[in-house]
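Asks:
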Amino acid sequence: MSAPNTRIGLVLFPRLTQLDLTGPVEVFGRMPEVEIVLLWKTLEPVPSDRGMCILPTCTFEDCESLDVICVPGGPGQVQLMEDEDTLHFLRRIAPTCKFVTSVCTGSLVLGAAGLLSGYRATSHWSSIDQLSLLGAEPVSERVVRDRNRITGAGVTSGIDFALTVVAELAGADVSQEIQLQMEYDPEPPYQAGSPRSAPPAIVTSTREKLASFIARRREVTERAAKRLANM
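If you read the sequence shown in the working numbering, its first letter stands for residue 64, the second for the next number, and so on.
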């Protein structure tokens, strides 16, 4: 059996948002001759923020090279930004990759590792402004590519993001075939998926509910920015 042509690694961590990970995995796994690598410090089950446990398939230590590295987001991203094992792994593996990527607030982790300085990038709408603290240029788009950095916005944009990556790796026809296989043809019941389209009252109430957590995230991002300045 021939070895896969493409190795795509996705970082697991406690309290990640599973759709940030599983959306792209569903897309990537439909590529021809691909190996999906789920990475963490150990091979023990990793709990997501909603209780689903996901099994890593490879440890950071055992991963020598990848074609693509992807960091998802989720509440546990806050702790991950100060996790030296993870940041060291990302700094080590990034030079081996064709593409260095993220979904949602995973871009803040890339930023904390010093991998987005001078790059355009996106993130979840609630925290996209924090990218500038880490030397990146925030761009409010669903998927942003700048050279070999590809970042997706919040949660569900992971599917759009992954289709974009597949097109880069295997061509637009393969990406469109995967989109059709998955019947990715969204028609949400409400136009409330972005602050630009959601009713103002919904935007206000959602911002209020997230405010304390976003403030904690900003504190960690500011500490990460100080560490980068001293590197």
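Positions of the beta carbon are idealized from the N, C-alpha and C atoms, including for glycine.
Quantities reported herein were computed from a predicted structural model and do not represent experimental measurements.
Which value, in whole angstroms, describes the spacing of the CA atoms of Thr122 and Pro262?
Replies: One-based indexing of the sequence shown puts residue 122 at position 59. One-based indexing of the sequence shown puts residue 262 at position 199. If I take the Cα positions, the gap works out to 44 Å.
Asks: Secondary structure at Arg290, three-state DSSP: helix, strand or coil?
Replies: Start at 1 with the first residue of the sequence shown, and residue 290 comes out as number 227. It is helical.
Asks: Tell me the rounded alpha-carbon separation between Leu173 and Leu179.
Replies: What you label residue 173 is simply residue 110 of the sequence shown in a count that begins at 1. What you label residue 179 is simply residue 116 of the sequence shown in a count that begins at 1. Each residue's Cα considered, the two are about 6 Å apart.
Asks: Measuring alpha carbon to alpha carbon, tell me which residue in Glu98, Ile99, Ile277 and Gly221 is nearest Gln140.
Replies: Along the sequence shown, read from residue 1 onward, the residue named residue 140 stands at position 77. If we check each option's Cα against that of Gln140, Ile277 comes out closest.
Asks: The ligand COA and Leu73: does the residue's C-beta get closer than 8 Å to at least one heavy atom of that ligand?
Replies: As far as ligands go, the structure on display features none, and thus does not contain the ligand COA.
Asks: Check this for me: beta carbons of Phe152 and Cys133, under 9 Å apart or not?
Replies: Here residue 152 is taken as the residue at index 89 of the sequence shown, counted from 1. Here residue 133 is taken as the residue at index 70 of the sequence shown, counted from 1. No, the Cβ-Cβ distance between Phe152 and Cys133 is not below 9 Å.
Asks: Taking 7 Å as the limit between beta carbons, can you name the residues of its chain near Val163, skipping five residues before and five after?
Replies: In the sequence shown, counting from the first residue as 1, residue 163 sits at position 100. For Val163, where only same-chain residues beyond five positions count, the Cβ hits under 7 Å are Ile132, Ala157, Leu173, Leu178, Asn211 and Arg212.
Asks: When we look at the beta-carbon of Arg280 and count the other beta-carbons within 10 Å, is it buried (16 or more) or exposed?
Replies: In the sequence shown, the residue the question calls residue 280 occupies position 217. Buried is the call here.
Asks: How far does the alpha helix (DSSP H) with Thr227 in it extend, from its first residue to its last?
Replies: Residue numbering aside, residue 227 sits at position 164 when the sequence shown is read from its first letter. Thr227 -> alpha helix (DSSP H) spans Ser220 to Ala233.
Asks: Alpha carbon to alpha carbon, how far is Gly72 from Pro251? Give it in angstroms, no decimals.
Replies: The sequence position of residue 251 within the sequence shown is 188, counting from 1. The sequence position of residue 72 within the sequence shown is 9, counting from 1. Approximately 30 Å, taken between the alpha carbons.
Asks: Distance check for Ala235 and Glu227, CA to CA, integer angstroms please.
Replies: Along the sequence shown, read from residue 1 onward, the residue named residue 227 stands at position 164. Along the sequence shown, read from residue 1 onward, the residue named residue 235 stands at position 172. Reading the sequence as shown, one finds Thr at residue 227 and not Glu. Thr227 and Ala235: Cα-Cα distance of roughly 8 Å.
Asks: Under the rule that 16 or more other beta-carbon atoms within 10 Å means buried, what is Tyr182, buried or exposed?
Replies: The residue labelled residue 182 in the question sits at position 119 within the sequence shown. By the 10 Å Cβ count, Tyr182 comes out buried.
Asks: What did DSSP end up calling Gln239 once you bin it into helix, strand or coil?
Replies: Your numbering for residue 239 matches position 176 in the sequence shown. Here Gln239 sits in helix by DSSP.
Asks: Taking the alpha helix (DSSP H) that Ser128 falls in, what are its first and last residues?
Replies: Translated into positions along the sequence shown, residue 128 becomes position 65. Per DSSP, Ser128 belongs to no alpha helix (DSSP H) and is neither H nor E.
Asks: Does DSSP put Ala184 in a helix, in a strand, or in coil?
Replies: Reading the sequence shown from its first residue, position 121 is the one you call residue 184. Here Ala184 sits in strand by DSSP.
Asks: Whose CA, out of Tyr253, Asp223, Ala287 and Leu273, lies closest to the CA of Ser165?
Replies: Position 102 of the sequence shown, counted from the first residue, corresponds to residue 165. Answer by Cα proximity: Asp223.
Asks: With Gly215 as the anchor, note down where its beta strand (DSSP E) starts and where it stops.
Replies: Taking the first residue of the sequence shown as position 1, residue 215 is located at position 152. Arg212 to Gly215 is the span of the beta strand (DSSP E), which, as asked, contains Gly215.
Asks: Could you compute how far the alpha carbon of Gln254 sits from the alpha carbon of Asp192?
Replies: As a working mapping, residue 254 is identified with position 191 in the sequence shown. As a working mapping, residue 192 is identified with position 129 in the sequence shown. Distance between the alpha carbons of Gln254 and Asp192: 23 Å.
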